[in-house]
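A quick write-up on the structure given underneath.
Chains as they are written, first to last, in my numbering: chain A, 1 to 279; chain B, 1001 to 1279.
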């Protein structure tokens, strides 16, 4: 399952090392893409671009040098046919963006589970970030086995009755197929009173994806904020990711100033890269 | 001379600690302003805002949570009278911005030196970032003694015949009044083949200000780029600043995308804060 990931990484590195002069290669690591790819590559959770069409979203990601996108349904509806999906994939590829997963996809019925897996198959991704209802987990597991597509279940904080914190997911899936795992949203995790740097270690064997953000405090009604201005300990978080040799994407989900998010996204990307560089 | 600085810092910290609940204080350290103030406070070199009037520049700085500005003459002409200066100072203060210095001011005649010091006096700043011609250094020293205003001389890279690198300044002023010093521009320094992390240590006794940026390579024709995407080693640079207990402002001078710089400024500010947090 990791072959795809490794292929993608090597491909990206290949581009970088194809540059003729080592000095220039290092200098132009600004292809921040290449810089990110070495260790913990950055991405974006598609929800960050709620107010923007796909072209504008791609342009923003290019400006930030971030190349991995978890595609959200407002950019590519769940009921899209193969032709529509291929058109979006081409647009992404042409823009230098890799669709590394889809979601968050909510699954409240068997039909919704079927649709999600069929959608992921047509998209050619090896993972869905999703929220299947608890009573659908065993059916979801069947689909995972049938399709060999992993599912990364997403926690949504203290007000979420289903999966408030990573433990609520982990306890339900830990004895299921190992392709059932977590997308830990560190903001919602922190608001639920759990330290992200502990959660990623505790559930490392099932950690497939991350939604990275910062929040103002460890309390339910905390607000999202530019990464680095809030209360999450990012050096500790990054150290934990390295300790567990996290091999997924570090997707930022930026949910502040959603009509004018570029500056806050840029500050967040910059801060996270600074932490990656120094930690 | 440092009393003013310490007063400002304590004032900022005072605001932070006035918050009622410690948890909230920590959470809202995001008032990145307060967070920056503790150790190495951020600022902006006014030239970054070349294409923007003062109101827009203040709005951009507020969005980025950066409160210290080196005021450039296009925002406040060198021949301004006291009334015009006071109006700009009020606008800055109302916007939460501290005018911590002025410049870069070029001084190619005695009259220009006189004007610069008179301007700084009217502005109420204790330092000028400037470039006096070499033959005016001794006259500049007289003005420093007369006004007790420091001068931080700015290096401008390999194509600058006057002061290409920090050493070219230091060698000329090292035996002069200790209030004669340097504003090391780390991008120009790097392009001149000198490592910023070495320069700040070497000239620490005369290091008054910094223009912080990143460049694509250690070569004359390297381009400026978002901080973190270039070739400068920021963890090493920040470690050096801490080693020498640098007590000035870390002013970012952002010179890329000057008509649309906010995203690049934000990424740069974020990256530098990430390095400050982790290094």
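Quick reminder that beta carbons are idealized off the backbone N, C-alpha and C, glycines included.
Residue closest to residue i, alpha-carbon to alpha-carbon, out of the options
i, options, result
"residue 255 of chain A", "A/42, A/127 and A/49", "A/49"
"residue 1232 of chain B", "B/1253, B/1191 and B/1270", "B/1191"
"residue 212 of chain A", "A/234, A/219, A/115 and A/162", "A/234"
"residue 1207 of chain B", "B/1179, B/1216 and B/1224", "B/1179"
"residue 1137 of chain B", "B/1079, B/1173 and B/1111", "B/1173"
"residue 1209 of chain B", "B/1106, B/1194 and B/1186", "B/1186"
"residue 250 of chain A", "A/114, A/201 and A/68", "A/68"
"residue 107 of chain A", "A/140, A/97 and A/214", "A/140"
"residue 105 of chain A", "A/98, A/130 and A/171", "A/130"
"residue 1284 of chain B", "B/1225, B/1103 and B/1145", "Nothing in the structure corresponds to residue 1284 of chain B, since chain B is present only between 1001 and 1279."
"residue 101 of chain A", "A/261, A/264, A/221 and A/248", "A/248"
"residue 242 of chain A", "A/204, A/225 and A/262", "A/204"
"residue 96 of chain A", "A/60, A/114 and A/189", "A/60"
Those residues which DSSP pairs with residue i across a bridge
i, result
"residue 211 of chain A", "A/185 and A/251"
"residue 1102 of chain B", "B/1071 and B/1128"
"residue 231 of chain A", "DSSP output for residue 231 of chain A lists no bridge partner at all."
"residue 46 of chain A", "Answer is none; residue 46 of chain A lacks a bridge partner."
"residue 1280 of chain B", "The displayed coordinates of chain B run from 1001 to 1279. Any statement about residue 1280 of chain B would go beyond what the structure contains."
"residue 1225 of chain B", "B/1214"
"residue 180 of chain A", "A/151"
"residue 1107 of chain B", "B/1132"
Start-to-end residues for the beta strand (DSSP E) that takes in residue i
i, result
"residue 152 of chain A", "150-154"
"residue 1284 of chain B", "Residue 1284 of chain B lies beyond the residue range present for chain B, which begins at 1001 and ends at 1279; the question has no answer from this structure."
"residue 234 of chain A", "First-last for residue 234 of chain A: 234-243, but that is the alpha helix (DSSP H), not the beta strand (DSSP E)."
Between the CA atoms of residue j and residue i - distance to the nearest angstrom
i, j, result
"residue 1152 of chain B", "residue 156 of chain A", "52 angstroms"
"residue 1026 of chain B", "residue 229 of chain A", "With a pLDDT of only 35 at residue 1026 of chain B, under the threshold of 50, the placement of this residue in the model should not be trusted; the figure read from the coordinates follows. When rounded, the distance between both Cα atoms is 10 angstroms."
"residue 223 of chain A", "residue 1274 of chain B", "20 angstroms"
"residue 77 of chain A", "residue 1047 of chain B", "46 angstroms"
"residue 246 of chain A", "residue 40 of chain A", "8 angstroms"
"residue 158 of chain A", "residue 199 of chain A", "15 angstroms"
"residue 1166 of chain B", "residue 167 of chain A", "55 angstroms"
"residue 21 of chain A", "residue 1267 of chain B", "Summary for residue 21 of chain A: the model assigns pLDDT 30, below 50, so the residue's position carries little reliability, and this model does not support an answer."
"residue 1244 of chain B", "residue 175 of chain A", "55 angstroms"
"residue 64 of chain A", "residue 1111 of chain B", "46 angstroms"
"residue 1194 of chain B", "residue 1073 of chain B", "29 angstroms"
"residue 83 of chain A", "residue 123 of chain A", "10 angstroms"
"residue 70 of chain A", "residue 99 of chain A", "6 angstroms"
"residue 264 of chain A", "residue 1184 of chain B", "29 angstroms"
"residue 262 of chain A", "residue 1262 of chain B", "9 angstroms"
"residue 1160 of chain B", "residue 1103 of chain B", "17 angstroms"
"residue 1081 of chain B", "residue 1189 of chain B", "35 angstroms"
"residue 1113 of chain B", "residue 1135 of chain B", "12 angstroms"
"residue 1079 of chain B", "residue 1225 of chain B", "33 angstroms"
"residue 58 of chain A", "residue 1058 of chain B", "29 angstroms"
Residues near residue i in its chain [Cβ-Cβ closer than 8 angstroms; skip 5 each side]
i, result
"residue 1149 of chain B", "1117, 1120, 1121, 1125, 1126, 1127, 1128, 1143 and 1179"
"residue 1197 of chain B", "1233, 1236, 1237, 1239 and 1240"
"residue 56 of chain A", "49"
"residue 1302 of chain B", "As shown, chain B starts at 1001 and ends at 1279. That puts residue 1302 of chain B outside it, with no answer to give."
Own chain residues within Cβ distance below 7 angstroms of residue i, not counting five before or after
i, result
"residue 1023 of chain B", "The pLDDT assigned to residue 1023 of chain B is 33, lower than 50, so where the model puts this residue is not dependable; a value taken from the coordinates is nonetheless given after this. None."
"residue 1169 of chain B", "1153, 1155, 1163 and 1182"
"residue 1054 of chain B", "1075, 1088 and 1091"
"residue 276 of chain A", "39, 40 and 238"
"residue 147 of chain A", "117 and 121"
"residue 1085 of chain B", "1076, 1122 and 1123"
"residue 1257 of chain B", "1264"
"residue 1062 of chain B", "1095 and 1096"
Other residues of its chain near residue i: CB distance less than 6 angstroms, five sequence neighbours each side excluded
i, result
"residue 1217 of chain B", "1231"
"residue 279 of chain A", "235, 238 and 239"
"residue 259 of chain A", "51"
"residue 1227 of chain B", "1214, 1268, 1271 and 1272"
"residue 220 of chain A", "158 and 191"
"residue 1133 of chain B", "1108"
"residue 1115 of chain B", "1078"
Host alpha helix (DSSP H) of residue i (start-end)
i, result
"residue 117 of chain A", "110-123"
"residue 1197 of chain B", "1196-1202"
"residue 94 of chain A", "82-94"
"residue 1063 of chain B", "1054-1064"
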